[in-house]
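Student:
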């Protein structure tokens with residue numbers, strides 16, 4: 002029997018939830034800091050509305066670049082901790098370096114530190130609450146596994162142990178020679194796959210058969226249809242590694258190269274562009290800092306070294 006419709010958030014709605022509350026909690030924290038302390042570097046007022054707009058823009062952009070809205074990573078606090086620190090650091094750096102439309106640097110430089118800590122701690126507290134109060138118990142992901150009868154039981158047990166919120170509803174048995182029964186899992190036929198996705202509120206299909214016998218043509222066609230409709234279909238090895246932070250070594254001998262750690266961030270073009278921009282900005286800062294130091298280095302070189310500051314090394318010896 003199909004489940005009754007449940008009150009739940011779709012993936013896009015969860016991202017909107019994160020974006021809205023990231024901004025809301027940060028602004029509330031800064032407002033409280035301004036009202037109850039001597040902090041006056043950043044003020045939320047009508048006269049300085051563009052300060053708020055600038056901060057929100059930077060926060061949203063860098064939070065996206067550093068994958069704070071990747072739902073898989075947003076549910077793991079260790080990853081969130083790193084990404085929040087990066088996001089807060091770069092947001093504050095760009096905010097204080099923006100000319101004209103950002104506030105002037107305060108006489109008390111500790112206010113910049115308070116500004117950074119307020120943003121970081123607020124984001125961490127809100128994201129911790131999201132992980133432990135919302136993401137973990139409420140946003141259960143219902144999944145159908147596509148695999149052979151041996152793998153089904155193994156995968157179900159592994160996922161349940163690693164993440165109790167990863168609920169496997171049923172499976173499609175790709176090994177027609179073996180009949181399997183399981184009181185906890187529903188076995189679907191290939192023709193029932195589309196209907197099962199709708200009736201059981203399935204959020205993802207995990208495929209775990211390609212490394213042995215491949216997929217049957219009817220099943221391949223069904224999966225292709227769902228994929229073209231935008232339904233998420235993922236490989237078992239990738240899902241297993243993300244949930245458990247390990248690889249299923251029992252299958253390495255079947256297809257070794259599936260486990261080679263190729264970078265998966267190369268699909269996120271925005272992420273790559275953001276990192277490249279960050280590299281360029283840091284490089285320019287380093288070059289400017291070096292230019293400032295060159296006169297001092299040049300004077301020291303004249304006093305302590307007879308040779309020029311810049312020179313070409315003369316190669317000597319065999320084949321020099």
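Numbering (my numbering), first residue to last: 2 to 321.
Think of the CB as a built atom: it goes at the ideal place given N, C-alpha and C, for glycine as much as any other residue.
It should be emphasised that the depicted structure is a prediction, and the values quoted were computed from it without experimental measurement.
I think residue 52 touches residue 43, with their Cβ atoms under 8 Å apart; what is that distance to the nearest whole Å?
Tutor: Indeed, because the Cβ distance is near 6 Å, the residues count as touching under 8 Å.
Student: Check the DSSP bridge columns for residue 187 and list the partner residues they point to.
Tutor: For residue 187, which the question treats as bridged, DSSP gives the partners 171.
Student: DSSP state of residue 204, grouped into three classes?
Tutor: Here residue 204 sits in coil by DSSP.
Student: Tell me which residue opens and which closes the beta strand (DSSP E) that residue 236 is part of.
Tutor: Per DSSP, residue 236 belongs to the beta strand (DSSP E) from 234 to 236.
Student: Which of the three DSSP states, helix, strand or coil, is assigned to residue 317?
Tutor: It is coil, neither helix nor strand.
Student: By Cβ distance, which residues of its chain are closer than 6 Å to residue 16, with the 5 residues on each side in sequence left out?
Tutor: Taken in chain order, the residues that qualify are 70.
Student: Pull up the distance between the alpha-carbon of residue 282 and that of residue 28, whole angstroms please.
Tutor: Rounded to the nearest angstrom, the two C-alpha atoms are 27 Å apart.
Student: Closest to residue 104 by CA distance: which of 129, 78, 72, 45 is it?
Tutor: Residue 104 has its Cα closest to that of 45, out of 129, 78, 72, 45.
Student: Going straight from the alpha carbon of residue 123 to that of residue 273, what length do you get?
Tutor: Rounded to whole angstroms, residue 123 to residue 273 spans 27 Å at the Cα level.
Student: Roughly how many angstroms lie between the CA atoms of residue 236 and residue 60, to the nearest whole one?
Tutor: If you take the alpha carbons of residue 236 and residue 60, they lie about 33 Å apart.
Student: Spatial neighbours of residue 163 within its chain, please: C-beta separation below 6 Å, excluding the five flanking residues on both sides.
Tutor: Cβ neighbours of residue 163 beyond the five flanking positions: 244, 245.
Student: How would you label residue 298, buried or exposed, when you count the other beta carbons within 10 angstroms and need 16 or more for buried?
Tutor: Residue 298 is exposed by the Cβ-count criterion.
Student: Can you give the Cα-Cα distance for residue 19 and residue 166, rounded to whole angstroms?
Tutor: Approximately 19 Å between the Cα atoms of the pair.
Student: Classify residue 199: buried if its beta carbon has 16 or more other beta carbons within 10 angstroms, exposed otherwise.
Tutor: Looking at its Cβ environment, which holds fewer than 16 other Cβ atoms inside 10 Å, residue 199 is exposed.
Student: In three-state DSSP terms, what is residue 45?
Tutor: Residue state, collapsed to three classes: coil.
Student: For residue 257, does the three-state DSSP call read helix, strand or coil?
Tutor: No answer about residue 257 holds up, because its pLDDT of 48 lies below 50 and its placement is not dependable.
Student: Pick from 134, 132, 157: whose alpha carbon is nearest that of residue 144?
Tutor: Residue 144 has its Cα closest to that of 157, out of 134, 132, 157.
Student: What distance in whole Å lies between the Cβ atoms of residue 159 and residue 241, which are believed to be in contact at a cut-off of 8 Å?
Tutor: With a Cβ gap of about 7 Å, residue 241 and residue 159 count as contacting.
Student: How far does the beta strand (DSSP E) with residue 146 in it extend, from its first residue to its last?
Tutor: That run of the beta strand (DSSP E) goes 142 to 148.
Student: Within this structure, are the beta carbons of residue 117 and residue 89 separated by less than 9 Å?
Tutor: Cβ atoms of residue 117 and residue 89: closer than 9 Å.
Student: Nearest-angstrom Cα distance between residue 113 and residue 94?
Tutor: About 10 Å.
Student: For residue 224, tell me which candidate among 101, 175, 307 has the shortest Cα-Cα distance.
Tutor: When each option's Cα is compared against that of residue 224, the closest is 175.
Student: Does the Cβ of residue 68 have 16 or more other Cβ atoms within 10 Å, making it buried, or fewer, making it exposed?
Tutor: Buried, since its Cβ has 16 or more Cβ neighbours within 10 Å.
Student: Excluding sequence positions up to five away, which residues of its chain have a Cβ less than 8 Å from the Cβ of residue 21?
Tutor: Counting only Cβ-Cβ distances below 8 Å, and skipping sequence neighbours, we find nothing.
Student: I need the DSSP call for residue 84, collapsed to helix, strand or coil.
Tutor: Helix.
Student: Which two residues bound the contiguous alpha helix (DSSP H) that contains residue 115?
Tutor: Counting along the chain, the alpha helix (DSSP H) containing residue 115 begins and ends at 111 to 130.
Student: With burial defined as no fewer than 16 other Cβ atoms inside 10 Å of the residue's Cβ, what is the status of residue 23: buried or exposed?
Tutor: By the neighbour-count rule (16 or more Cβ atoms within 10 Å), residue 23 is buried.
Student: Does the CB of residue 16 have a neighbour CB from chain B at under 9 Å?
Tutor: Absent here is chain B; the protein component of the structure consists of one chain.
Student: Beta carbon of residue 190, beta carbon of residue 173: below 9 Å?
Tutor: It is a contact, given that the beta carbons lie within the stated cut-off.
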